[in-house]
Amino acid sequence: LKLNLMYAWLVTLLFHLINTIIFYFKEYKSSRLEAEELKSAQVQAELQLIKSQINPHFLFNNLNVLSSLVMKNHEEANKFIEEFSKVYRYILQHHDTELVPLKTELHFIKPYMFLLEKRFGESLQFKIEVDPHHEDKLIIPAALQILIENAIKHNILSRNKPLHIQLHANGNDRIDIVNNLQYRQSTEPSTGIGLRNIVKRYKNVCQEDVHIYHDDAIYKVSLPLIRSHHALNPQV
């Protein structure tokens, strides 16, 4: 009887041991998969960000603006070069960073807006309203730039019908990027890769959701602002 009880106890122990090993192996595989997905999303986002800033169209358009300014106003041309260099400096410094303070992102987005305003003039109008107590919270780097670029890419800009882009962070722990809708017809279907990567990176880095809303008049993307002690996904 004692041998039977010991045998049953050993079988039960072995059963629980196997189950425990299987459980932790699945957890390990899940964590590795999430880490790989995060790395993949981050690499894709880095490549897209770098491509968007060094592609021939971006360089050509800005060099056209610069050449025009050189002919008309040397002081404005020098200012343009200074802001242009700030954009590239930010890309090089933060292209492999998971999260940055909102104030750092805003310091980058302002020279980027300056370049766009010089290019589009009164056809493009920006408004930024950010409560100072949000500035130390964290955001995916260059997310604002990607969303602004998307708004310009998919909408008509003209002096009679300017595109209005607004950044708001006043209430909860979010920053909203809102633009009026005046869709341009395009022969190339949108891939949506930029927005998809932002959504995926937020989900993998901090398990936060990006909210997207649109109607006939506006398009809004609401990004989470992460408090530093909640920044990292504990499962990765």
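Heads up, this note's numbering is the position in the sequence shown plus 99, with the first residue counted as 1. Using N, Cα and C, we set each Cβ at its ideal position, and we do this for glycine too.
(request) Use the C-beta contact count for Arg300: other C-beta atoms within 10 angstroms, 16 or more gives buried, fewer gives exposed. (result) buried
(request) Could you tell me the boundaries of the beta strand (DSSP E) in which Ala268 lies? (result) Leu262 to Ala268
(request) Give the range of the beta strand (DSSP E) segment to which Gln224 is assigned. (result) Leu223 to Val229
(request) Go ahead and label Leu191 buried or exposed: buried means 16 or more other beta carbons lie within 10 angstroms of its beta carbon, across all protein chains shown. (result) exposed
(message) Does Lys236 pass the burial test, meaning 16 or more other C-beta atoms within 10 Å, or should it be called exposed?
(response) buried
(message) What does DSSP give as the partner residue(s) for Asp314 in the beta ladder?
(response) Paired residues: none, contrary to the question.
(message) Can you list, in chain order, the residues of its chain with a C-beta nearer than 8 Å to that of Leu102? Leave out the 5 residues immediately preceding and following it.
(response) Per-residue confidence for Leu102 stands at a pLDDT of 49, beneath the threshold of 50, marking its modelled position as unreliable; no derived number is given.
(request) Please report how far the alpha carbon of Gly220 lies from the alpha carbon of Lys252, in whole angstroms. (result) 16 Å
(request) Under 7 Å Cβ to Cβ from Leu256, same chain only, skipping five residues before and after it: list those, please. (result) Phe219, Ser222, Leu223 and Leu262
(message) Among Ile180, Leu201, Ser184 and Val304, whose alpha-carbon lies nearest the alpha-carbon of His233?
(response) Leu201
(message) Quick check on Asn249: does DSSP put it in helix, strand or coil?
(response) helix
(request) Output the boundary residues of the beta strand (DSSP E) element that contains Arg218. (result) From DSSP, Arg218 is part of no beta strand (DSSP E) but of the alpha helix (DSSP H) over Leu201 to Phe219.
(request) For Arg188, write down the residues that DSSP places opposite it in a beta bridge. (result) DSSP output for Arg188 lists no bridge partner at all.
(request) Would you list the one or two residues that DSSP bridges to Ser321? (result) Asp275 and His310
(message) For Ala242, which residues in the same chain have their Cβ closer than 7 Å to its Cβ, ignoring the five residues on either side in sequence?
(response) Ile297 and Leu322
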